[in-house]
Amino acid sequence: MTASVKLLTSPESNQIKVLAATDAWLHRNLNPAKILNIKEQARADRFVVETARTQFAFARAFLRTALGHALNIPAEDVTFGTGPHGKPFLAGQPSQSGLQFNLSHCSGLTLFAATLDSSVGVDVEQPDRSIDRHRFAQRFFHRLELERLSGLSPKEHRDVFFRIWTQKEAWLKALGVGLDLPLSSFAVTGEQGEAAALTCWDSDASAAEKWRLHSLELQGYPVTICSESNTWSLETELLL
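Residue numbers for the sequence shown, in the numbering used here: 1123 to 1362.
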């Protein structure tokens, strides 16, 4: 990898480091065949669509390489366990580092987030993807989020919709429950920057006080980072 990844020394306390790589950077700098283990290569081969197979392989190689730099070990030596809902975590000796991480990718951009001793979630979405936003929102968004979207211009609707989507996904990933928790059972603000927040959760009225979200754009992609610590600082690096 290039020298710029030296950013990913292990994060300091109350800090989240985010590394964002374009597809072009991944293809120039990584060789998944030399980084992924046998099970990961087999998992990649199960994707029927070639673009999905390639995207998974490079994203997994990026995850291994970023963690290897943060832990100062070879990428192929990183060992993973899997939580009850499928969220990966560090297993074996590296687990003692306290490093928590999350990965998100879409066509064009892959994100890696890392922090210490605090669960973290990150999500990126492709803003020009073909989707019926109104139908999706009616099915999956909380009533407060539907009110937030009401009356917006087409551009504002698109921007707020994707911010809401990434905020919801990032919180679920930080929580580690995947989609087992209904998307319509909690609400976020859909705002940019530090105004992003979890506003309510039907199952836990105090949840909004326990989590912090931050929404931004990277290379035109909507991104949200979430952690259960309320005092973290954010550091990002974009690999082009």
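We put the CB at the ideal spot given by N, CA and C, even for glycine.
Residue i: buried (16+ other C-beta within 10 angstroms of its C-beta) or exposed?
| i | result |
| --- | --- |
| Asn1153 | exposed |
| Gly1190 | buried |
| Ala1125 | Confidence at Ala1125 is low in this model, with a pLDDT of 38, below 50, so the placement of that residue is unreliable and no value is reported for it. |
| Thr1353 | exposed |
| Ile1253 | exposed |
| Val1200 | buried |
Do residue j and residue i count as a contact pair if the criterion is CB distance below 8 Å?
| i | j | result |
| --- | --- | --- |
| Ala1319 | Asp1245 | no |
| Phe1178 | Phe1234 | no |
| Ser1240 | Thr1288 | no |
| Leu1340 | Ala1142 | yes |
| Ala1188 | His1227 | no |
| Leu1305 | Lys1290 | yes |
| Trp1323 | Ala1317 | no |
| Val1299 | His1207 | yes |
| Ser1351 | Asn1136 | yes |
| Arg1255 | His1279 | yes |
At the level of alpha carbons, what is the spacing between residue i and residue j?
| i | j | result |
| --- | --- | --- |
| Pro1249 | Asp1145 | 16 Å |
| Val1127 | Thr1358 | Any reading at Val1127 needs caution, since the residue's pLDDT is 49, under 50, leaving its predicted position unreliable; the model's value is listed next. Answer to the nearest angstrom: the Cα atoms are 11 Å apart. |
| Leu1266 | Leu1356 | 28 Å |
| His1264 | Lys1156 | 44 Å |
| Trp1147 | Glu1162 | 21 Å |
| Gly1342 | Thr1204 | 32 Å |
| Pro1133 | Leu1271 | 36 Å |
| Pro1276 | Glu1198 | 46 Å |
| Lys1332 | Val1171 | 40 Å |
| Gly1273 | Ile1138 | 35 Å |
Going by C-alpha distance, which of the options is nearest residue i?
| i | options | result |
| --- | --- | --- |
| Gly1214 | Phe1202, Ala1330, His1207 and Gly1208 | Phe1202 |
| Pro1210 | Glu1134, Phe1180, Phe1223 and Arg1175 | Phe1223 |
| Glu1326 | His1336, Arg1150, Gly1342 and Ser1307 | Residue identity check: residue 1326 is Asp in the sequence provided, not Glu. The candidate whose alpha carbon is nearest that of Asp1326 is Ser1307. |
| Thr1232 | Ser1219, Thr1204 and Arg1186 | Arg1186 |
| Gly1220 | Thr1237, Gly1208, Ala1317 and Ser1229 | Thr1237 |
| Thr1311 | Tyr1343, Arg1334, Val1299 and Arg1255 | Arg1334 |
| Ser1229 | Gly1315, Pro1276, Lys1277 and His1149 | His1149 |
| Glu1269 | Leu1301, Ala1309 and Leu1303 | Ala1309 |
Any 3 or more C-beta pairs closer than 8 Å across the stretch 1345-1357 and the stretch 1239-1254: With the cut-off at 8 Å, the stretch 1345-1357 and the stretch 1239-1254 touch.
Validate contact between the stretch 1270-1286 and the stretch 1253-1260 using beta carbons, cut 8 Å, 3 pairs: Counting C-beta pairs with one atom in each stretch, the stretch 1270-1286 and the stretch 1253-1260 have three or more that are closer than 8 Å, which means they touch.
Three or more C-beta pairs below 8 Å linking the stretch 1190-1199 and the stretch 1162-1180: No: the two stretches stay apart, fewer than three of their Cβ pairs being nearer than 8 Å.
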